[in-house]
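Once you know that position 362 of the sequence shown is 362 in full-length UniProt numbering, the rest is easy, because the numbers rise by one and skip nothing.
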Amino acid sequence: MSSLDARLGVLRGTAAPIPHNARTLAALTANPSCERRSLLDAAGIDKDALAAHLDLPRPLRKSQLALDYGIAFERQVTAQAGAPLVPLLRQALSLSVPEVSYEDVNSVGSDDDTSPLRLRRVHTRSRIRRAAHGRSDPRTLLDHPVLRLTVAGHQAYLEPDVIAFQREGVFYVVEIKSFPVIHGQPDPIKATAALTQAAAYVLALRELLAEDGLPPERVSDTVVLVNPRNFTRHPTATPFSAHKQIKNLSRHLGRLRRLPELLDKVPPDTTFDLAPGPDQKPTRPRGELVAALATVRPNYTPGCRHHCDLAFHCRTEARNQGKPAALGTAVRDDLAGIDTIATALALTDGHLHPSRSQKDLTQALRHAQRIHADLQTDTA
Ligand code: SF4
């Protein structure tokens, strides 16, 4: 085990690591400046469990009904060794797909295995390499492959609910999603989120093939989304270009702060361990956990509630500290260079003398205050 892994293990404590998934990667890129999230995700810490222990609302929790529906739809599409998928792919990619060889990588290893994720990654790599080199029995449909992607200089495992499909030497990422496509149109926000997630798998597959010196073009920018059609449970497959999402994600990943740098800023004995008791319930005093979280710099924005389990904790913290971001990204950006709302107010009403770099902003704030005062006079 490397010293980096050992250090991340201390942060995580006794809990098993949670691997990155496309959702966490998409979230990282949604808020790349958040060191707190970067570190928690790199250590594989269960943020939902932290939020539950802190008794916070959990904005990302899906209803059991929605989860069950998603699982049932995925099972329906991949039933009979992926047979329902073949005609959909043939139609979506205008390819002849006469026969397929299907394998569910989930079935590799066992629950008793101490490292099933690594084992499945090794298996995935061997299968994809064989397919890429056109060796005998190349698997054309590989369900639940385990991939690896370099995130902030660290190798993160990805366990996607996707299928890697190879045809004529090119791999395609096929993602099954339970939101509907109505009259050929999916919800644009959901489709973009799905393509951003798929972009992570495209990059991970490219990384894998690059180990063999194979070019990135061997993994297509075209991603196939399989969704329920209209208001039925009948699946339909639609090809989308994920070129933009792949480019964006690649750029964001390249910008993420390196892990060793982040770890250097955290006191060495910091841990987010929930210290489960014999009944598996956390015993860690909440105050200690809050203090541990405070050792890593957040970057709260109201958008956090769409992608991070800790959003309500970070929002309260930002409000208590009077951070401009608590009022929204527009206010934060407008007040760039001013740390707190109290400072902005003090500059506006003249209680604080602006530094040279704050002069323009102070003028703008005072101008806004005058307009506000005039409007109040007019409406009085
Ligand atoms: S909620 Fe907190 S930890 Fe999560 S991304 Fe936002 S600032 Fe970072």
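Just so you know, even glycine gets a beta-carbon here, dropped at the ideal spot from N, CA and C.
Between which two residues does the alpha helix (DSSP H) holding residue i run?
{"i": "Gln280", "result": "No alpha helix (DSSP H) contains Gln280, which DSSP labels as neither H nor E."}
{"i": "Asp48", "result": "Lys47 to His53"}
{"i": "Ile71", "result": "Gln64 to Gly82"}
{"i": "Leu214", "result": "Looking at the DSSP string, Leu214 is not in any alpha helix (DSSP H), and its letter there is neither H nor E."}
{"i": "Arg36", "result": "Glu35 to Ala42"}
{"i": "Val86", "result": "Leu85 to Leu93"}
{"i": "Ile341", "result": "Ile341 to Thr348"}
{"i": "Glu261", "result": "Leu259 to Asp264"}
{"i": "Ala15", "result": "Per DSSP, Ala15 belongs to no alpha helix (DSSP H) and is neither H nor E."}
{"i": "Thr329", "result": "Thr329 to Asp334"}
{"i": "Ala30", "result": "Ala22 to Ala30"}
Relative to the alpha-carbon of residue i, which residue among the options has its alpha-carbon at the smallest distance?
{"i": "Ala242", "options": "Thr192, Arg258, Ala275 and Thr236", "result": "Thr192"}
{"i": "Leu56", "options": "Ser63, Lys47, Lys62 and Gln64", "result": "Lys47"}
{"i": "Leu4", "options": "Glu261, Gln80, Arg127 and Ala344", "result": "Glu261"}
{"i": "Ile45", "options": "Val10, Ile341, Ala26 and Gln91", "result": "Val10"}
{"i": "Gln321", "options": "Ile338, His307, Asp333 and Ala132", "result": "Ile338"}
{"i": "Asp221", "options": "Leu93, Leu88, Glu74 and Gln369", "result": "Leu93"}
{"i": "Ala294", "options": "Lys281, Arg315, Ala275 and Ala210", "result": "Arg315"}
Looking at the secondary structure, which residues open and close the beta strand (DSSP E) in which residue i lies?
{"i": "Glu317", "result": "No beta strand (DSSP E) holds Glu317; the alpha helix (DSSP H) holding it covers Ala311 to Asn320."}
{"i": "Val224", "result": "Val219 to Pro228"}
{"i": "Ser241", "result": "Pro235 to Ser241"}
So if DSSP puts residue i in a beta bridge, which residue, or which two residues, is it bridged to?
{"i": "Ala294", "result": "None; Ala294 has no bridge partner."}
{"i": "Val174", "result": "Ile163 and Val224"}
{"i": "Asp143", "result": "Asp104 and Ile163"}
{"i": "Leu289", "result": "Bridge partners of Leu289: none, in fact."}
{"i": "Gln376", "result": "Its beta-bridge partners do not exist; DSSP assigns none."}
{"i": "Ala156", "result": "Leu149"}
Does the Cβ of residue i lie closer than 8 Å to at least one heavy atom of ligand 1?
{"i": "Arg319", "result": "no"}
{"i": "Arg37", "result": "yes"}
{"i": "Ala311", "result": "yes"}
{"i": "Asn227", "result": "no"}
{"i": "Pro186", "result": "no"}
{"i": "His307", "result": "yes"}
{"i": "Thr301", "result": "yes"}
Between residue i and residue j, is the Cβ-Cβ spacing less than 9 Å?
{"i": "Ala52", "j": "Asp273", "result": "no"}
{"i": "Asp309", "j": "Arg125", "result": "no"}
{"i": "Glu207", "j": "Ala194", "result": "no"}
{"i": "Leu347", "j": "Leu327", "result": "no"}
{"i": "Ala156", "j": "Asp41", "result": "yes"}
{"i": "Ala204", "j": "Gln245", "result": "no"}
{"i": "Arg218", "j": "Val170", "result": "yes"}
{"i": "Pro354", "j": "Ile341", "result": "no"}
I'd like to confirm something about residue i: is its beta-carbon nearer than 8 Å to some heavy atom of ligand 2, or not?
{"i": "Lys265", "result": "With respect to ligand 2, the structure shown offers nothing to examine, as its ligands consist of ligand 1."}
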